[in-house]
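Novice:
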Amino acid sequence: MFTMGEDMMKQWTENWEKLMGEHLEKLVHNEKFITEMSKSIAATMTGKAFYAKAMDEQMAALNLPSRTEIVKVLQKLTDIEERLIDLGERFEDYVEEQAKAKSSTESKPAAKPAKSSKGKGAAK
Numbered sequence: 012m013f014t015m016g017e018d019m020m021k022q023w024t025e026n027w028e029k030l031m032g033e034h035l036e037k038l039v040h041n042e043k044f045i046t047e048m049s050k051s052i053a054a055t056m057t058g059k060a061f062y063a064k065a066m067d068e069q070m071a072a073l074n075l076p077s078r079t080e081i082v083k084v085l086q087k088l089t090d091i092e093e094r095l096i097d098l099g100e101r102f103e104d105y106v107e108e109q110a111k112a113k114s115s116t117e118s119k120p121a122a123k124p125a126k127s128s129k130g131k132g133a134a135k
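For reference, each letter of the sequence shown is one residue, going 12 to 135 in the working numbering.
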């Protein structure tokens, strides 16, 4: 029942993609279009840099951390977390080594004490 509508949408989409593809292909090869797009992108990046600087100044005026400062703090926290994980692993290895050393000394039979000759001589 809906296959006719689906077929029409699919055909319409394919036609639209073909038409837009042709127009965009022409634009990409148009030197003036590329020059104007480059200028637009450069202006956008300049505006973004100005906005970021103004936001950092406003945050500093409010005594709040900037995005850069927050990123630095997060990096330091990540470093601390990695160190804690490493220390935890090293501690677990140490505990395992101690347990193995303890079990190996307990599993060895104790040396029998040598019989002393004093005990035999005293009985005579």
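The C-beta atom is built at its ideal place from N, Cα and C for all residues, glycine as well.
DSSP three-state call for L85: helix, strand or coil?
Specialist: The answer is helix: DSSP assigns L85 an H, G or I state.
Novice: Where does N41 fall in DSSP's three states?
Specialist: N41: coil per DSSP, three-state reduction.
Novice: I'd like to check one pair, M66 with S77: are the Cβ atoms closer than 9 Å?
Specialist: Yes, they are a contact pair.
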